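These notes are about the structure you will find just below.
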Amino acid sequence: MKQQTTLQSLKKSSLKIISTTFIIITSCNSYAQLLYSNGAISTGVTHAATSTAAPVGYTWSELQTPATTLGFSAVYNNALTSNLALADDFVVPVGQTWNLTNVNVYGYQTGYVGATVPIDVLRIRIWNGDPSLGTSTVVYGDMTTNVLNAAGSGEEFVYRVAAATGTTRKIWRFNAAISTSLTAGTYWLEYQVHATNDGAIFVPPVTILGTQSDPSWTAKQRNATTWAGLIDAGSTFNKAMAFQLIDSALGLNSNELASSFKMYPMPVRDVCNFKLNENISVQAKSVSIYDLKGSLVLNQNIIKNGSEFSINVSNLEVGMYLVKIIDFEGRPIFTDKLIKE
Numbered sequence: 010m011k012q013q014t015t016l017q018s019l020k021k022s023s024l025k026i027i028s029t030t031f032i033i034i035t036s037c038n039s040y041a042q043l044l045y046s047n048g049a050i051s052t053g054v055t056h057a058a059t060s061t062a063a064p065v066g067y068t069w070s071e072l073q074t075p076a077t078t079l080g081f082s083a084v085y086n087n088a089l090t091s092n093l094a095l096a097d098d099f100v101v102p103v104g105q106t107w108n109l110t111n112v113n114v115y116g117y118q119t120g121y122v123g124a125t126v127p128i129d130v131l132r133i134r135i136w137n138g139d140p141s142l143g144t145s146t147v148v149y150g151d152m153t154t155n156v157l158n159a160a161g162s163g164e165e166f167v168y169r170v171a172a173a174t175g176t177t178r179k180i181w182r183f184n185a186a187i188s189t190s191l192t193a194g195t196y197w198l199e200y201q202v203h204a205t206n207d208g209a210i211f212v213p214p215v216t217i218l219g220t221q222s223d224p225s226w227t228a229k230q231r232n233a234t235t236w237a238g239l240i241d242a243g244s245t246f247n248k249a250m251a252f253q254l255i256d257s258a259l260g261l262n263s264n265e266l267a268s269s270f271k272m273y274p275m276p277v278r279d280v281c282n283f284k285l286n287e288n289i290s291v292q293a294k295s296v297s298i299y300d301l302k303g304s305l306v307l308n309q310n311i312i313k314n315g316s317e318f319s320i321n322v323s324n325l326e327v328g329m330y331l332v333k334i335i336d337f338e339g340r341p342i343f344t345d346k347l348i349k350e
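In the numbering used here, each residue's number is its place in the sequence shown (first place is 1) plus 9.
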């Protein structure tokens, strides 16, 4: 079982699972809550082994020795000579009900240079326990229905690398459109993809510099009907898979605001600037920045003009963050990733 972490109270281990209340902008022109993140894949803009900076606007996902498995397979092909899936667990806390509408998982196809995601099918199942046990049952989904939401999928702006840097493994976000309500309990998310070219797709595990594994990392891989622990070939440690669970929309139209806010420069070293187009009636009240563990690392009230302002981020460590801006009615009006260099 993985440990829960909220924005209000981080638990002891930052390696374990993160339950958040981030607000994100979806492709449905509405706000939704990012309820849960199973861990990060980005390790920052600087490659630890060589000190090489990532291309502008990107970060690395750096595999460190003794680990050797850059990505695991969760793919099936048309001939069904490959029929693999991945699964990992999450916990809905006591007293809560999660109304899930979307799931994000991640993957890459080595050498792929297309402008859209390299998959055309995404399948999702949610189990009420470890799927390798004969006692667990499926509470949502199946391995036949395609739930890929192309509009919510796209480039993640991360390159998967090892001891040497490169740009042949561009990571993509695969978004699933689902509809289910989960009460308190432990669940397992299983997923499988099909490559548009019927080839291979690789899924990077949770990646944290200096960390090979953690007792809470218990992901598994299914080969046809047989389950096994998800083990890195080099380190022989078990891994966890990165995924996100997204709650139902809050009913606030965001398309106009998302397209009218500008945040620059990106990546940013010292001062980050924000500008809201003059034809938008709302004004920003405050800006908050969270790290990938869900911790609030910076909060600043906007004293002057709420449509154009700057914040100093020079004290933040290098890496990726989430920015959230709210208006004077307490509504989130803008969220985006911030890359600190």
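Just so it is clear, CB atoms sit at the ideal spot from N, CA and C, and this is done for glycine as well.
Nothing here was measured: the structure is a model prediction, and the numbers come from that model.
Start-to-end residues for the beta strand (DSSP E) that takes in Tyr-117: From DSSP, Tyr-117 is part of no beta strand (DSSP E); its letter is neither H nor E.
Helix, strand or coil at Ala-160 [DSSP, three-state]: Helix at Ala-160.
Environment of Lys-271 [buried if 16+ CB atoms lie within 10 Å]: It counts as exposed.
Pro-274 versus Ile-133: straight-line alpha-carbon distance, rounded: Their Cα atoms are separated by approximately 37 Å.
Own chain residues within Cβ distance below 6 Å of Ala-242, not counting five before or after: Excluding its 5 nearest sequence neighbours in each direction, Ala-242 has C-beta neighbours in its own chain below 6 Å: Thr-77 and Thr-78, listed in chain order.
Three-state class that DSSP yields for Pro-214 in the structure shown: The three-state secondary structure of Pro-214, taken from DSSP, is strand.
Test item: CB-CB of Val-122 and His-203 under 8 Å: Not a contact, by the Cβ cut-off of 8 Å.
Distance CB(Tyr-200)-CB(Leu-305) smaller than 8 Å: The Cβ atoms of Tyr-200 and Leu-305 lie no closer than 8 Å to each other.
Where Val-65 falls, given that 16 or more other Cβ within 10 Å makes a residue buried: Burial call: exposed.
Closest Cα partner of Asp-207 within the set Gly-175, Gly-150, Asp-129 and Ser-162: Each of Gly-175, Gly-150, Asp-129 and Ser-162 was checked against the Cα of Asp-207, and the nearest Cα belongs to Asp-129.
Ser-145 vs Met-329 beta-carbon contact at 8 Å: Cβ distance not < 8 Å, so Ser-145 and Met-329 don't count as in contact.
Residues of its chain near Lys-284, where Cβ-Cβ distance is below 6 Å and the 5 sequence neighbours each way are ignored: Correct list, in chain order: Lys-271 and Glu-317.
Coarse secondary structure for Pro-274, derived from DSSP in three states: If DSSP states are grouped into helix, strand and coil, Pro-274 belongs with coil.
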